[in-house]
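Trainee: Below you'll find the structure I mean.
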Amino acid sequence: MHSYLNQQTQSIRQISDLRFGIPVIIGNDSQNALIFSIETLTASNFAKIESTLSEPECEPYISITKNRANLLKIRVYEEDIARIKIPKNISLDWIKATADPALDLDYPMKGPYESFRYANGDIARIGIKFCKEAELLPAVLVLPIAEDRAKELISEGLLYQNISKSVISKTSNWEATLISSGYVPISNQLSAKVSVFRHPFCLSEHYAIEIGNINYLKPILTRIHSACFTGDILHSLKCDCGDQLAKSITQIKNAGNGIILYLNQEGRGIGLANKMRAYKLQDSGLDTFDANHQLGFEDDERDLSVGAKILKKLGIKEINLLTNNPSKIYNMENHGIKVVHRLPLITKVTAENKKYLKTKKEKSGHILFKY
Numbered sequence: 001m002h003s004y005l006n007q008q009t010q011s012i013r014q015i016s017d018l019r020f021g022i023p024v025i026i027g028n029d030s031q032n033a034l035i036f037s038i039e040t041l042t043a044s045n046f047a048k049i050e051s052t053l054s055e056p057e058c059e060p061y062i063s064i065t066k067n068r069a070n071l072l073k074i075r076v077y078e079e080d081i082a083r084i085k086i087p088k089n090i091s092l093d094w095i096k097a098t099a100d101p102a103l104d105l106d107y108p109m110k111g112p113y114e115s116f117r118y119a120n121g122d123i124a125r126i127g128i129k130f131c132k133e134a135e136l137l138p139a140v141l142v143l144p145i146a147e148d149r150a151k152e153l154i155s156e157g158l159l160y161q162n163i164s165k166s167v168i169s170k171t172s173n174w175e176a177t178l179i180s181s182g183y184v185p186i187s188n189q190l191s192a193k194v195s196v197f198r199h200p201f202c203l204s205e206h207y208a209i210e211i212g213n214i215n216y217l218k219p220i221l222t223r224i225h226s227a228c229f230t231g232d233i234l235h236s237l238k239c240d241c242g243d244q245l246a247k248s249i250t251q252i253k254n255a256g257n258g259i260i261l262y263l264n265q266e267g268r269g270i271g272l273a274n275k276m277r278a279y280k281l282q283d284s285g286l287d288t289f290d291a292n293h294q295l296g297f298e299d300d301e302r303d304l305s306v307g308a309k310i311l312k313k314l315g316i317k318e319i320n321l322l323t324n325n326p327s328k329i330y331n332m333e334n335h336g337i338k339v340v341h342r343l344p345l346i347t348k349v350t351a352e353n354k355k356y357l358k359t360k361k362e363k364s365g366h367i368l369f370k371y
């Protein structure tokens, strides 16, 4: 009998369940555990967890990223995550505050924390990875469960995955899938062909905008642009994203042809909700990267190979890249797209974005000569 499910679809469904506040079961050859996203953990589910605290084989714990742990002065025994014992008689608010820096001032005395390093942290690590891909705060509550209990929960409908096999997620190897294309008239008497590509492992869609009559045998003027709701739509003065997009369109129009890849990777891959959390932290004086760290993220959570995959699907092998970001050049070259020339994007410096631009230059290596 054929199955319509595989490990890829199981990962996608588990990521979706975590986003909706539904726990998932992740196991390996030695143990199984219920994984709850702390951001979407409900009071009713927490009450069920509390009822198991007296069971010796079910000792729940919290797992957060190294960046968040460093902020909370929690000892990190593993390379990228910390696992924290949950004290007795603790509240859901305490759990939430451990994950969410927005609550740091409301709950300043959350510790002392006791971290541990026994057993394998891969189950918690996959849970955090799935939370990131669901654009949730990267923090999970892990409840180890016996095999019989795991079978009961699976029979009730919870999703299970054994990670002793390789886990497939949206950062695994994949090919962009072309969904549809259509033409849009734009200024300068040019036409733009807009093609929608869908990520096969998640619901993300990315757009290729081919402007003018493109000669695919020559290096193509290309802008790889990550979506920025605040900059592209609201014309925020806080960043230079909207300005870069506008200047890219102008340069392509002036050249007569070119491509813009518009990738749905808001907030350098953390999503708009987390980006707004980061903005609130920046209002207290943190820069864009430190704010990401306080939330538990890395400097940049994007999969920059997405652009290369779409270009390959379009049959493009060589580009002239509009960018100030050396990482984009490296990622294009590393994924088989030759960058013949880099063309800078010189944007306006404002009182509001000066610190942001300076931070990008100093901490992320952006090629910005003014700041």
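By the count of the numbering used here, the sequence shown reaches residue 371 at its end, each step adding exactly one. Beta carbons: idealized from backbone N, C-alpha and C, even for Gly.
Should LEU141 go down as buried or exposed, given a rule of 16 or more other Cβ atoms within 10 Å for buried?
Mentor: buried
Trainee: What does the Cβ neighbour count give for THR42, buried or exposed, with the cut at 16 atoms within 10 Å?
Mentor: exposed
Trainee: Under three-state DSSP, which class holds VAL349?
Mentor: coil
Trainee: Mapping DSSP to helix, strand and coil, what is LYS238?
Mentor: coil
Trainee: Helix, strand or coil for VAL306 per DSSP?
Mentor: helix
Trainee: Taking the alpha carbon of ILE49 as the reference point, which residue from ALA97, GLN10 and LEU92 has its own alpha carbon closest?
Mentor: LEU92
Trainee: In whole angstroms, what is the alpha-carbon distance linking SER181 and LYS275?
Mentor: 30 Å
Trainee: Bridge partners for GLY258 per DSSP, in chain order?
Mentor: ILE211
Trainee: For the alpha helix (DSSP H) containing GLU133, name the first residue and the last one.
Mentor: 122-133
Trainee: Considering only C-alpha positions, which residue in the set LEU286, THR40 and ASN89 is nearest to PRO138?
Mentor: The residue with the shortest Cα to Cα distance from PRO138 is THR40.
Trainee: Spatial neighbours of TRP174 within its chain, please: CB distance less than 8 Å, with the 5 preceding and 5 following residues excluded, ordered by chain position.
Mentor: HIS199, PRO200, PHE201 and LYS309
Trainee: Taking 8 Å as the cut-off, does the stretch 155-164 touch the stretch 10-30 (at least 3 CB pairs, one atom from each stretch)?
Mentor: yes
Trainee: Name the one or two DSSP bridge partners that ILE64 has.
Mentor: BP columns for ILE64 point to ALA82 and ALA139.
Trainee: To the nearest angstrom, report how far apart GLY271 and GLN265 are at their CA atoms.
Mentor: 7 Å
Trainee: From which residue to which residue does the alpha helix (DSSP H) around ASN274 run?
Mentor: 272-283
Trainee: Could you tell me which residues DSSP pairs with HIS335 in its beta bridges?
Mentor: HIS335 pairs with nothing; no bridge assigned.
Trainee: What are the boundary residues of the beta strand (DSSP E) that PHE36 is part of?
Mentor: 32-37
Trainee: Grouping DSSP H, G and I as helix and E and B as strand, with all else coil, what is ILE12?
Mentor: helix
Trainee: Count the other CB atoms within 10 Å of the CB of VAL306; is the residue buried (16 or more) or exposed (fewer)?
Mentor: buried
Trainee: Between the Cα of ASN6 and the Cα atoms of ALA97, ILE163 and ASN120, which residue gives the shortest distance?
Mentor: ILE163
Trainee: Per DSSP, HIS366 is paired with what?
Mentor: Looking at the DSSP assignment, HIS366 forms no beta bridge with any residue, so it has no partner.
Trainee: Taking the alpha-carbon positions, what's the PRO23 to LYS218 distance?
Mentor: Answer to the nearest angstrom: the Cα atoms are 51 Å apart.
Trainee: Looking at the structure shown, is HIS199 part of a helix, part of a strand, or coil, going by DSSP?
Mentor: coil
Trainee: Take every Cβ of the stretch 76-83, pair it with every Cβ of the stretch 110-130, and state whether three or more of those distances are shorter than 8 Å.
Mentor: yes
Trainee: Given this structure, state the Cα-to-Cα distance separating ILE168 from MET332, to the nearest angstrom.
Mentor: With a pLDDT of only 48 at ILE168, under 50, the local geometry of the prediction cannot be trusted, and the value read off the model is given with reservation. C-alpha separation (whole angstroms): 23 Å.
Trainee: Does the Cβ of PRO401 have 16 or more other Cβ atoms within 10 Å, making it buried, or fewer, making it exposed?
Mentor: Absent from the model: residue 401. The displayed extent of the chain is 1 to 371, so no value can be given.
Trainee: Three Cβ pairs or more, each shorter than 8 Å: is that satisfied between the stretch 344-353 and the stretch 233-253?
Mentor: yes
Trainee: Output the distance between the C-alpha atoms of ILE224 and ARG68, rounded to the nearest integer angstrom.
Mentor: 30 Å
Trainee: Buried or exposed for LYS132, please, with buried defined as at least 16 other CB atoms from any protein chain shown within 10 angstroms of its CB.
Mentor: buried
Trainee: Report, in whole angstroms, the separation of the C-beta atoms of THR359 and PHE289, which I expect to be a contact under 8 Å.
Mentor: 6 Å
Trainee: What is the C-beta distance between SER192 and ILE220, in whole angstroms, given that I count them as a contact (C-beta under 8 Å)?
Mentor: In the sequence on display, residue 192 carries Ala and not Ser. That belief does not hold up - the Cβ atoms of ALA192 and ILE220 are roughly 14 Å apart, past 8 Å.
Trainee: So what does DSSP say about GLN251, is it helix, strand or coil?
Mentor: helix
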